[in-house]
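S.K.: Would you mind keeping the following structure in view while I ask a few things?
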Amino acid sequence: MDGKSLRSTRHASSDAQQVGAVLGQAKADGKTNEVTQSAPLLEPLNLARGLVTADAMHTLGDNAEFLISQKTAFILIVKKN
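For the sequence shown, my numbering begins at 442 and goes up steadily by one.
Below is the structure:
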């Protein structure tokens, strides 16, 4: 999971690292950031037995609970703030 700002538009994307393919992309409205798009972006994918990596912005309890419910492994970055 990674969020990018493109010409003042925020997007969250999910990509397959090995093949360099973007699996999904969702636009976040101007009142929020990509964190709110994590579950809706990943939900249609078959994550069972997969691995999701995400930056520190996505390291939230709700996101971890979602990934656990999808039976996927995950690596979330933790930063001291």
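Just so you know, even glycine gets a beta-carbon here, dropped at the ideal spot from N, CA and C.
Fair warning: this is a prediction, and the values are worked out from it, not measured in the lab.
Can you check whether the CB of L492 is closer than 9 angstroms to the CB of A514?
M.R.: Yes. Within cutoff.
S.K.: Which of helix, strand or coil does DSSP assign to T477?
M.R.: Correct three-state label for T477: helix.
S.K.: Pull up the distance between the alpha-carbon of R490 and that of E506, whole angstroms please.
M.R.: Their Cα atoms are separated by approximately 16 angstroms.
S.K.: Only counting the same chain, and skipping five residues up and downstream in sequence, which positions put a Cβ closer than 6 angstroms to that of A480?
M.R.: Answer for A480: F507, listed in chain order.
S.K.: Can you list, in chain order, the residues of its chain with a C-beta nearer than 7 angstroms to that of T477? Leave out the 5 residues immediately preceding and following it.
M.R.: So the qualifying residues of the chain are A469.
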